[in-house]
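Read through the structure below, which is laid out as structure tokens, and then see the notes.
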Amino acid sequence: MTTEENQDLESIVTKQWLSYSEEEYFATYIALPRFIKVFRGKFQQIFNRRTYAIFNFSMSIGEIIVFLGALAGLGVNMGLSYGNKNNSGSAAGINLLVCIVFTVKNSILTFLCGLSYERGIFWHKVFGWLAVLGGVLHFLSTDYQWDGWFMLGSLFGMLGVSLWPIRYFLYEIFIRLHWIGFIVVIVGIILHGVDIAIYGLGYWGLDFLIKQAVIYRHLKNAHQIKIEKVTSDMAKITILDNKINYQGGQYLCICIPKLSYFQWHPFSIQSSFGEKKIEIFIKKSGNWTRDLLVLAEKLNGEQTKAYLCGPYGFPSIDIASDYYKTFVLIGGGIGITPIISVCKQLLEERTKGRPITKIYLIWTTRSKERHEDLLSEQYIESILSLEDKQKNLVERFYHLSTSSNNKKEQNNVNDTSENQTEVKLNTEDGKFILQRPDIKQYLKTIQEIAKQNDESRVGVMVCGPSALIRSVQEKSSSVSNSKVRLDVHEEVFAL
1 MTTEENQDLE SIVTKQWLSY SEEEYFATYI ALPRFIKVFR GKFQQIFNRR TYAIFNFSMS
61 IGEIIVFLGA LAGLGVNMGL SYGNKNNSGS AAGINLLVCI VFTVKNSILT FLCGLSYERG
121 IFWHKVFGWL AVLGGVLHFL STDYQWDGWF MLGSLFGMLG VSLWPIRYFL YEIFIRLHWI
181 GFIVVIVGII LHGVDIAIYG LGYWGLDFLI KQAVIYRHLK NAHQIKIEKV TSDMAKITIL
241 DNKINYQGGQ YLCICIPKLS YFQWHPFSIQ SSFGEKKIEI FIKKSGNWTR DLLVLAEKLN
301 GEQTKAYLCG PYGFPSIDIA SDYYKTFVLI GGGIGITPII SVCKQLLEER TKGRPITKIY
361 LIWTTRSKER HEDLLSEQYI ESILSLEDKQ KNLVERFYHL STSSNNKKEQ NNVNDTSENQ
421 TEVKLNTEDG KFILQRPDIK QYLKTIQEIA KQNDESRVGV MVCGPSALIR SVQEKSSSVS
481 NSKVRLDVHE EVFAL
């Protein structure tokens, strides 16, 4: 940074920057003593570090330790059971144990390692498949037992109802069948005597009881919310009495009694910590969200009651400390909402002295109207007011990647494809780039900025459809080198 920029920063600092803020970000159940939060922060600073990507896939140090622990358990089990085919099922049991552990939202793994829930679900799937594979090998190597058939059948049933088409298009049915399948698996575990997996059930059961206690606590403290229909397929929930401690990128589970007392749905927060209201944008993608849009029309601006649980979720890169000073924040469609939250939090923290060099805010959407719906005039003003104090910190790039290319939309949007080649765009007047973002060029440019400032890491956060996330992962891996690496946190959002 230049001398002038440093002087500007000093003039807006309100207090010394604390890497592990004293705000109760993670006090979901109880107020955590400060020494626990400091311990967690320092622990995360080590175990949330990313390793080098292999085939566009990287792991945090915490994930590696968990994975190696499970691998060591399998190795010991195989050594002890060598030559004894009746003990071969323990390998499947260990995988099933880890599979169950990764279903817990706020587990010791997420608390210490900062493991995102989505990342946990990824490992849940991996160890689920390994458990089925181990079960098949055990089944083939032993004599017929009816409880073995039952156990293996229940695992295959769980896999069947978890296939992508059912999970994506019939989510409500998937959830119900998954619960039924889980109950059947529990019965199979008990009947077949998979002792080690019972520890996983105990771990999950304890979390389930705690979560029910938290839900009961929240049922006694309803929040007033306002539901607005923004477009034909999108609603906005505004939580008016904000007493929730959260950080950018986290999400809340919401229950609206006028829709159902028994359904809790997770949604990312768009607001940043410290704001008086919490805003959440919700895209229609199922029965519950469809009913939410209908309810918004019926209420016609009136407030209603809602129950909230959370916040949940931790980024898989360490954004809570000053480990990263340069960021690339990428949103696809409605995936911009958690990106906005993170961006505003970073800007707020810099006013408190946090060292941040540069932020690239990139958003790609299919329609200009979607941009206007999600990025309201008030939001733009709030971002610009922060930027006025922190000149040249954030560069914003808004891409309109429409496939129709109709004439009317092109006439209303400024085609700045030439600027895209140089990765430069002045978006203060609302101009768009009428093409898909050149992710690799953006990453190369930000990498050079980091290199000039003697930084060895760049934090990349992407929220959007799977295709966008794969592209960012691939490009980050190809651009990273021994001097400057790009570490990616991803969350899948449908457009």
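Position 387 (the sequence shown) corresponds to 387 in full-length UniProt numbering; numbering is contiguous. Quick reminder that beta carbons are idealized off the backbone N, C-alpha and C, glycines included. Keep in mind it's a predicted model, so treat the numbers as computed, not measured.
**Message:** In whole angstroms, give me the CA-to-CA distance for Val492 and Ile189.
**Reply:** In the sequence shown, the residue the question calls residue 492 occupies position 492. In the sequence shown, the residue the question calls residue 189 occupies position 189. If I take the Cα positions, the gap works out to 32 Å.
**Prompt:** Can we say the region 355-363 touches the region 262-278, given the rule of at least three CB pairs closer than 8 Å?
**Reply:** As far as the Cβ criterion goes, the region 355-363 does not touch the region 262-278, which means the pair count is below three.
**Request:** Tell me where the beta strand (DSSP E) around Gln441 begins and ends.
**Result:** Within the sequence shown, numbered from 1, the residue matching residue 441 stands at position 441. That residue, Gln441, is in no beta strand (DSSP E); its alpha helix (DSSP H) goes Ile439 to Gln452.
**Request:** For the beta strand (DSSP E) containing Val460, list its first residue and its last residue.
**Result:** The count along the sequence shown starts at 1 and reaches residue 460 at position 460. Val460 -> beta strand (DSSP E) spans Arg457 to Gly464.
**Request:** State the beta-bridge partners of Ala306 as determined by DSSP.
**Result:** Position 306 of the sequence shown, counting from 1, holds the residue named residue 306. Beta-bridge pairing by DSSP links Ala306 to His223.
**Asked** Taking the Cβ atom as the reference point for each residue, do Cys253 and Tyr312 lie within a distance shorter than 8 Å?
**Response** On the sequence shown, residue 253 is found 253 positions in, with the first residue counted as 1. On the sequence shown, residue 312 is found 312 positions in, with the first residue counted as 1. The answer is yes: Cβ separation under 8 Å.
**Asked** In or out: Val294 buried (at least 16 other Cβ within 10 Å) or exposed?
**Response** Translated into the one-based positions of the sequence shown, residue 294 becomes position 294. It counts as exposed.
**Request:** Look at the alpha carbon of Asn426 and the alpha carbon of Gln447, and state the distance between them as a whole number of angstroms.
**Result:** As a first step, residue 426 must be located in the sequence shown, where it is residue number 426. As a first step, residue 447 must be located in the sequence shown, where it is residue number 447. Model confidence at Asn426 stands at a pLDDT of 40, short of 50, so the residue's coordinates are unreliable; what they give is reported in the following sentence. Whole-angstrom Cα-Cα distance: 20 Å.
**Request:** Tell whether a beta-carbon distance below 8 Å holds between Thr304 and Ile244.
**Result:** Here residue 304 corresponds to residue number 304 of the sequence shown, with the count starting at 1. Here residue 244 corresponds to residue number 244 of the sequence shown, with the count starting at 1. Cβ atoms of Thr304 and Ile244: not closer than 8 Å.
**Asked** Would Pro315 be called buried (16 or more neighbouring beta carbons within 10 Å of its own) or exposed?
**Response** Along the sequence shown, read from residue 1 onward, the residue named residue 315 stands at position 315. By the 10 Å Cβ count, Pro315 comes out buried.
**Message:** Spatial neighbours of Asp233 within its chain, please: C-beta separation below 7 Å, excluding the five flanking residues on both sides.
**Reply:** Residue numbering aside, residue 233 sits at position 233 when the sequence shown is read from its first letter. So the list reads Lys283 and Lys284, once near-sequence residues are dropped.
**Prompt:** What separation, rounded to the nearest whole angstrom, lies between the Cα atoms of Arg176 and Tyr168?
**Reply:** Taking the first residue of the sequence shown as 1, we reach residue 176 at position 176. Taking the first residue of the sequence shown as 1, we reach residue 168 at position 168. Near 14 Å, if we compare the C-alpha coordinates of Tyr168 and Arg176.
**Request:** Return yes when the Cβ of Phe127 is within less than 8 Å of the Cβ of Val104, no when it is not.
**Result:** By 1-based counting over the sequence shown, the position of residue 104 is 104. By 1-based counting over the sequence shown, the position of residue 127 is 127. Not in contact: Val104 and Phe127 (Cβ atoms no closer than 8 Å).
**Message:** Please identify the residue among Ser478, Thr364 and Val136 whose C-alpha is closest to the C-alpha of Lys444.
**Reply:** Residue numbering aside, residue 444 sits at position 444 when the sequence shown is read from its first letter. The residue with the shortest Cα to Cα distance from Lys444 is Ser478.
**Request:** Less than 8 Å between the CB atoms is what I'm expecting for Ile269 and Ser341, so what's the real figure, rounded?
**Result:** Here residue 269 is taken as the residue at index 269 of the sequence shown, counted from 1. Here residue 341 is taken as the residue at index 341 of the sequence shown, counted from 1. In this structure Ile269 is in contact with Ser341, their Cβ atoms being roughly 5 Å apart against a cut-off of 8 Å.
**Inter-residue spacing [alpha-carbon to alpha-carbon] between Phe327 and Ala213** = Walking along the sequence shown from the start, residue 327 turns up at place 327. Walking along the sequence shown from the start, residue 213 turns up at place 213. Each residue's alpha carbon lies about 38 Å from the other.
**Prompt:** How many Å lie between Glu297 and Val472 at the Cα?
**Reply:** Mapped onto the sequence shown, residue 297 falls at position 297. Mapped onto the sequence shown, residue 472 falls at position 472. The alpha-carbon atoms of Glu297 and Val472 are separated by roughly 38 Å.
**Request:** Indicate whether Gly335 and Gly464 have their beta-carbon atoms separated by less than 8 Å.
**Result:** Within the sequence shown, the letter at position 335 stands for residue 335. Within the sequence shown, the letter at position 464 stands for residue 464. Yes, the Cβ-Cβ distance between Gly335 and Gly464 is below 8 Å.
**Prompt:** Where do the ends of the alpha helix (DSSP H) carrying Ser321 lie?
**Reply:** Along the sequence shown, one-based indexing puts residue 321 at 321. Ser321 -> no alpha helix (DSSP H), and no H or E assigned at all.
**Request:** Entirely within the region 190-219 and at least 4 residues each: give me those alpha helix (DSSP H) ranges in chain order.
**Result:** Counting whole runs of 4 or more residues, the region 190-219 contains the alpha helix (DSSP H) stretches 195-219.
**Prompt:** Pick from Leu468, Leu133, Phe67 and Val484: whose alpha carbon is nearest that of Lys451?
**Reply:** As a position in the sequence shown, residue 451 is number 451, starting the count at 1. Nearest of Leu468, Leu133, Phe67 and Val484 to Lys451, Cα basis: Val484.
**Asked** Which term fits Ser403, buried or exposed, when burial requires 16 or more other beta carbons within 10 angstroms of its beta carbon?
**Response** The sequence position of residue 403 within the sequence shown is 403, counting from 1. Summary for Ser403: the model assigns pLDDT 49, below 50, so the residue's position carries little reliability; its value from the coordinates is reported in the next sentence. Residue burial annotation: Ser403 is exposed, with fewer than 16 other C-beta atoms found within 10 angstroms of its C-beta.
**Asked** Going by Cα to Cα distance, which pick from Asp318, Thr337, Thr289 and Asp454 is closest to Tyr171?
**Response** For the purposes of this step, residue 171 is taken as residue 171 along the sequence shown, with counting starting at 1. Ranked by how close their Cα comes to the Cα of Tyr171, the residues Asp318, Thr337, Thr289 and Asp454 have Thr289 in first place.
**Message:** Taking the alpha-carbon of Tyr307 as reference, which of His223, Leu361, Glu474 and Asp322 has the nearest alpha-carbon?
**Reply:** As a position in the sequence shown, residue 307 is number 307, starting the count at 1. The shortest Cα separation from Tyr307 among His223, Leu361, Glu474 and Asp322 belongs to His223.
**Prompt:** With burial defined as no fewer than 16 other Cβ atoms inside 10 Å of the residue's Cβ, what is the status of Asp318: buried or exposed?
**Reply:** As a first step, residue 318 is located in the sequence shown; it is residue number 318 there, counting from the start. The residue in question, Asp318, is buried, as its Cβ has 16 or more Cβ neighbours within 10 Å.
**Asked** Which term fits Gln250, buried or exposed, when burial requires 16 or more other beta carbons within 10 angstroms of its beta carbon?
**Response** Start at 1 with the first residue of the sequence shown, and residue 250 comes out as number 250. In this structure Gln250 is buried. Its beta-carbon is surrounded by 16 or more other beta-carbon atoms within 10 angstroms.
**Item:** Within 8 Å, strictly: CB atoms of Leu299 and Ile198
**Value:** Against the sequence shown, residue 299 aligns to sequence position 299. Against the sequence shown, residue 198 aligns to sequence position 198. If you check the CB distance, Leu299 and Ile198 do not come in under 8 Å.
**Request:** Answer yes or no: does any C-beta atom of chain E fall closer than 8 Å to that of Ser316?
**Result:** Absence of chain E from the displayed structure is noted, only one protein chain being present.
**Request:** Name, in chain order, the residues that DSSP records as bridge partners for Pro266.
**Result:** As a position in the sequence shown, residue 266 is number 266, starting the count at 1. Answer is Cys253.
**CB-CB length for Gly193 against Met158, believed under 8 Å** = Residue mapping note: residue 193 aligns to position 193 of the sequence shown, counting from 1. Residue mapping note: residue 158 aligns to position 158 of the sequence shown, counting from 1. The C-beta separation of Gly193 from Met158 comes to about 19 Å, leaving the pair out of contact by the 8 Å criterion.
**Prompt:** At what residues does the alpha helix (DSSP H) containing Ile339 begin and finish?
**Reply:** By 1-based counting over the sequence shown, the position of residue 339 is 339. From DSSP, the alpha helix (DSSP H) with Ile339 extends over Ile336 to Thr351.
**Rounded Cβ spacing between Gly202 and Leu96 (contact assumed at less than 8 Å)** = As a position in the sequence shown, residue 202 is number 202, starting the count at 1. As a position in the sequence shown, residue 96 is number 96, starting the count at 1. With 8 Å as the limit, Gly202 and Leu96 do not qualify as a contact, their Cβ atoms being about 13 Å apart.
**Prompt:** Can you check whether the CB of Glu279 is closer than 8 Å to the CB of Lys236?
**Reply:** Within the sequence shown, the letter at position 236 stands for residue 236. Within the sequence shown, the letter at position 279 stands for residue 279. Less than 8 Å divides the Cβ of Lys236 from the Cβ of Glu279.
**Prompt:** Bridge partners of Met234, per DSSP?
**Reply:** Position 234 of the sequence shown, counted from the first residue, corresponds to residue 234. For Met234, the pairing in a beta bridge is given by DSSP as Thr231 and Lys283.
**Asked** Out of curiosity, what's the CA-to-CA distance linking Gly148 and Phe139?
**Response** In the sequence shown, counting from the first residue as 1, residue 148 sits at position 148. In the sequence shown, counting from the first residue as 1, residue 139 sits at position 139. Answer to the nearest angstrom: the Cα atoms are 7 Å apart.
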